[in-house]
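Line by line, the protein sequences give chains F and B. For the first sequence, position 31 matches number 31 in the working numbering, and the numbering has no gaps at all. To convert, take the position in the second sequence, counting from 1, and add 325; that gives the working numbering. Notes to accompany the following structure.
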Amino acid sequence: MAKVNMLKAINSALEISMNENPMACIFGEDVGVFGGVFRATSGLQEQFGKHRVFNTPLTEQGILGFANGLAAFGAPTIAEIQFADYIFPAFDQIVNESAKFRYRSGNEFDVGNLTIRTPYGGGIAGGLYHSQSPEAYFAHTPGLKIVVPRNPYEAKGLLRAAIKDQNPVLFFEPKRLYRASIGEVPEDDYIIPLGKAQVVKEGSDVTLLAWGAQMEIIENAAKQAEEAGISCEVIDLRSIIPWDVETIAKSVTKTGRLIVSHEAPITNGFGSEVAATIGEECFLHLESPIMRVCGLDTPYPLALEKEYVPDALKVLAAIKQSVSF
Amino acid sequence: MSNPNNVSQNIRHDLEFIDGHALNIPTLKVLHADGEIYPGAAEPDMDQDTALHLYRTMRFIRALDERMQAAQRQGRVSFYMQCLGEEASITASAAALDKNDMIMAQYREQAALRYRGFTLEQFMNQMFSNELDPAKGRQMPIHYGSKELNYMTISSPLATQIPQATGYAYGQKVKHVDKDTNTLSSQIDNITMCYFGEGAASEGDFHAGLNMAAVLKAPVIFFARNNGYAISTPADEQFAGDGIASRGVGYGIKTIRVDGTDALAVYAATKKAREVCTMTGEPILIESIAYRVGAHSTSDDPSGYRSKQEEADNSETCPVKRFEAWLIKKQWLDLDAENKLNEQVREEILDALKVAEKVAKPELIDLITDVYDTPIPSLIKQFEQLETHIKKHPQAYPTTSGRLK
């Protein structure tokens, strides 16, 4: 099996999807002949033509408005927002339109064919407008699914699932890992089901939960904790909505401890929802309070990024605090 | 324009600004108030069946609007919106379409839906949000939709349908792209009609939708209903340019302004627009001028922001009467018979209202259906908790408790 980076894996999922349905379209800012600013759509316009892979004018609300219409028509619709930081002009089209299209019409119409791809997260010296992790805003809107992959294999299988899923899906791609994460990816088509978390490493003392780029951080922290004699169970949530309560609850029932970590600000981050739910589900099994290792409640910094991010050392400190509570 | 900036090359050496109102946009009028065709105007090719269907639709909507406005005042429905004054604008434009063209409307376009065959019962079931409403009682009155009639379900947020219409129309075009050559293989068979008001045209979605349609070439008719008011805000507090039509030129879109009280002008312009859309795959902007004779909605009282005199001055030309005069001139209409028919319609409306208001509300399960294609696990759990709670306190939730299994 070939080892490829995450961009190649995403590109492969897009190519398969374009071949699968002659109505499928990919569009967004600079996705055409240039292949996207990160090159995720590289070569696709050449292969599938300008009618199906194309640049749009610079208008995120327009991209999502257009996408809702095209998806309602029945075409597999893959819209790219160049940076998740710039998704907010499209917020109304996503939360008031995509999310409610099926519900408000009683299933007369839907935009289940819609997939929104967008790079998110820090680690590229992008400052406050090229680093945000806005998943929690969308997790508060019924009708959307939200997916975040952690490596090339996951990215391809989850993106294929997102495109085939008959609900609008927001697919957040960890841009820090686009080229940095390399792994074996089958050339053929495969699907990783949405809504299922994955236990990446089994352990007995504490459960560590994250998604996307933050998985690398908690896996690193787990390794260091093992050296200190603490056994960590590491879980990738994969889907933010719907999220796999069962797998997390089962793990926490076993370990008695949970640490959730994400780059987004701690207040009202998705970690809050996880903590509240697992608090209810596993109350009698908990040995220590559920902890969150997250970004501060500030805009994403630039010069002080290293201080801001929930790095492995902060996660390790939380692990030690949790087991010695 | 083959230069990097995509601009015309018209070099001058004397400094002069182009005036913000340099375009002197004409308004197409075909039908005179007395039923005669204006000299120089071409009578559109409209057969008698189409003409009568158009006429009866306008009168039906006027009757429905009057009855439902009254029903709202009696507290029988929570909300209503009339299209008084705009009947010709909406009905005649819908009449110029193919029935398989998609209509994406704003909210005041019930006449277009009726023209396509939406039944009185369907109107009522939606307005009474009962269990026969296909949208399962989820939206306020007048938010109609019908897949069968290619009428996209109405969404309250203004202008969101504009870029969506561009996307939908783009799909109607991509359908004709050859899979092997990646080129358009045939003429486009269907287009999208997008209605919106002059107020909604201030939203960012308007700009996004028109610009994208022009650049990406989507076969959509943007039909701006300039009725002079966005609730209470008059058009001169909405924009400073020459109506909405002037903007079409800015986007590089073929544009026309029509008298919206003139059914023949609206019909002719829309018919031609559709022809251009299907031939070229490009969008068209139509600005239709017709005064909003009624209130914005039943929640609005125009006496707070405009005079009776203004209303009288601007509603002299009744769009229904004007079209009626033409039909009589053509000897296509027996007015007495039509008036009798209309009386019958008015009674049928009251009867249908009485039936629909007694139909049960949707069942509890419809609280969670259609949020996703199938309910996600968390939603199933929430539903089960709610169901258990309602079973414990059935008297507090009489709408649904009696039908729980």
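Ideal Cβ positions, reconstructed from N, Cα and C, are used throughout, including at glycine.
**Report entry** Within-8 Å CB hit, residue 324 (chain F) to chain B
**Finding:** no
Query raised in the report: If you run the structure through DSSP and keep just helix, strand and coil, what is residue 577 (chain B)?
Result: coil
Requested in this report: For the alpha helix (DSSP H) containing residue 337 (chain B), list its first residue and its last residue.
Outcome: Neither: residue 337 (chain B) is in no alpha helix (DSSP H) and is coded neither H nor E.
Query raised in the report: Exposed or buried, residue 497 (chain B), counting other C-beta atoms within 10 Å across all chains shown (16 or more means buried)?
Result: buried
Query raised in the report: How would you write the range of the alpha helix (DSSP H) that residue 304 (chain F) sits in, first residue to last?
Result: Unbroken run through residue 304 (chain F): none, as it is neither H nor E.
Query - Inter-residue CB distance, residue 732 (chain B) and residue 521 (chain B) (contact presumed, cutoff 8 Å) - result: Only positions 326 to 730 of chain B appear in this structure, which leaves residue 732 (chain B) out of reach.
Query raised in the report: So, does the CB of residue 104 (chain F) fall closer than 8 Å to a CB anywhere in chain B?
Result: With respect to chain B, the C-beta atom of residue 104 (chain F) has a partner C-beta closer than 8 Å.
Query raised in the report: Apart from the five residues just before and just after residue 123 (chain F), which ones in its own chain have a Cβ nearer than 6 Å to its Cβ?
Result: 176
Query raised in the report: Would a check of beta-carbon distances place residue 507 (chain B) closer than 8 Å to chain A?
Result: Looking for chain A here will not work: the only protein chains present are F and B.
Query - Under 7 Å by beta carbon: chain F residues contacting residue 490 (chain B) - result: 69
Requested in this report: Return yes when the Cβ of residue 217 (chain F) is within less than 8 Å of the Cβ of residue 312 (chain F), no when it is not.
Outcome: yes
Requested in this report: Consult DSSP for residue 179 (chain F) and reduce its assignment to one of helix, strand or coil.
Outcome: coil
Query raised in the report: Under three-state DSSP, which class holds residue 558 (chain B)?
Result: Of the three classes helix, strand and coil, the one that applies to residue 558 (chain B) here is strand, per DSSP.
**Report entry** Contact check, residue 189 (chain F) vs residue 16 (chain F), beta carbons under 8 Å
**Finding:** yes
Requested in this report: Pick helix, strand or coil for residue 584 (chain B), following the three-state DSSP scheme.
Outcome: strand
Query - C-alpha gap between residue 428 (chain B) and residue 110 (chain F), whole angstroms - result: Distance between the alpha carbons of residue 428 (chain B) and residue 110 (chain F) is about 15 Å.
Query raised in the report: At a Cβ cut of 7 Å, what residues of the segment 681–702 of chain B count as close to chain F, listed as they run along the chain?
Result: 695, 696, 697, 698, 701, 702
Query raised in the report: Should the segment 340–355 of chain B be called in touch with the segment 253–260 of chain F, which here means at least 3 C-beta pairs below 8 Å?
Result: The answer is no - the segment 253–260 of chain F does not touch the segment 340–355 of chain B, with fewer than three Cβ pairs under 8 Å.
Query raised in the report: Is any beta-carbon of chain F found at less than 8 Å from that of residue 371 (chain B)?
Result: no
**Report entry** Interface positions of the segment 439–463 of chain B facing chain F (Cβ-Cβ less than 9 Å), listed along the chain
**Finding:** Against chain F - using a Cβ distance shorter than 9 Å - the residues of the segment 439–463 of chain B are 458, 459, 460, 461, 462, 463.
Report task. Provide the residue span of the alpha helix (DSSP H) that contains residue 6 (chain F), from first to last. Result -> 6–20
**Report entry** For residue 610 (chain B), the three-state DSSP class (helix, strand or coil)
**Finding:** In the three-state scheme derived from DSSP, where H, G and I count as helix and E and B as strand, residue 610 (chain B) is classed as strand.
Query - Neighbouring residues, chain F, relative to residue 487 (chain B) (Cβ below 8 Å) - result: 65
Query - alpha helix (DSSP H) segments (min. 4 residues) lying fully within the segment 647–713 of chain B - result: Fully enclosed alpha helix (DSSP H) runs of 4 or longer: 660–681.
Requested in this report: Return the Cβ separation of residue 140 (chain F) and residue 502 (chain B) in integer angstroms, given the expectation that the two are a contact with Cβ distance under 8 Å.
Outcome: About 38 Å separates the two Cβ atoms, so there is no contact after all.
Query raised in the report: What residue range is occupied by the uninterrupted beta strand (DSSP E) comprising residue 280 (chain B)?
Result: Residue coverage of chain B in this structure runs from 326 to 730, which leaves residue 280 (chain B) outside it and unanswerable.
Requested in this report: Taking only runs that begin and end inside the segment 253–291 of chain F, name each unbroken beta strand (DSSP E) of 3 or more residues, in chain order.
Outcome: 258–265
Query raised in the report: Which word fits residue 129 (chain F), buried or exposed, when buried means at least 16 other C-beta atoms lie within 10 angstroms of its C-beta?
Result: exposed
Requested in this report: Compute the Euclidean distance between the alpha carbons of residue 283 (chain F) and residue 132 (chain F), then round it to the nearest angstrom.
Outcome: 32 Å
Query raised in the report: Where does residue 63 (chain F) sit, in a helix, a strand or coil, going by DSSP?
Result: helix
Query raised in the report: In three-state DSSP terms, what is residue 425 (chain B)?
Result: coil
Query raised in the report: If you measure beta-carbon to beta-carbon, which residues of the segment 87–102 of chain F are closer than 9 Å to chain B?
Result: 89, 92, 93, 96, 97, 99, 100, 101, 102
Query raised in the report: Between residue 24 (chain F) and residue 556 (chain B), what straight-line distance do the alpha-carbon atoms span, to the nearest angstrom?
Result: 40 Å
Requested in this report: Might you give, ordered along the chain, the residues of its own chain that have their beta carbon closer than 6 Å to the beta carbon of residue 116 (chain F), omitting 5 neighbours on each side?
Outcome: 79, 170
Query raised in the report: Are the C-beta of residue 482 (chain B) and some C-beta of chain F separated by less than 8 Å?
Result: yes
Query raised in the report: Hey, is residue 108 (chain F)'s beta-carbon within less than 8 Å of any beta-carbon in chain B?
Result: By this cut-off, residue 108 (chain F) is an interface position.
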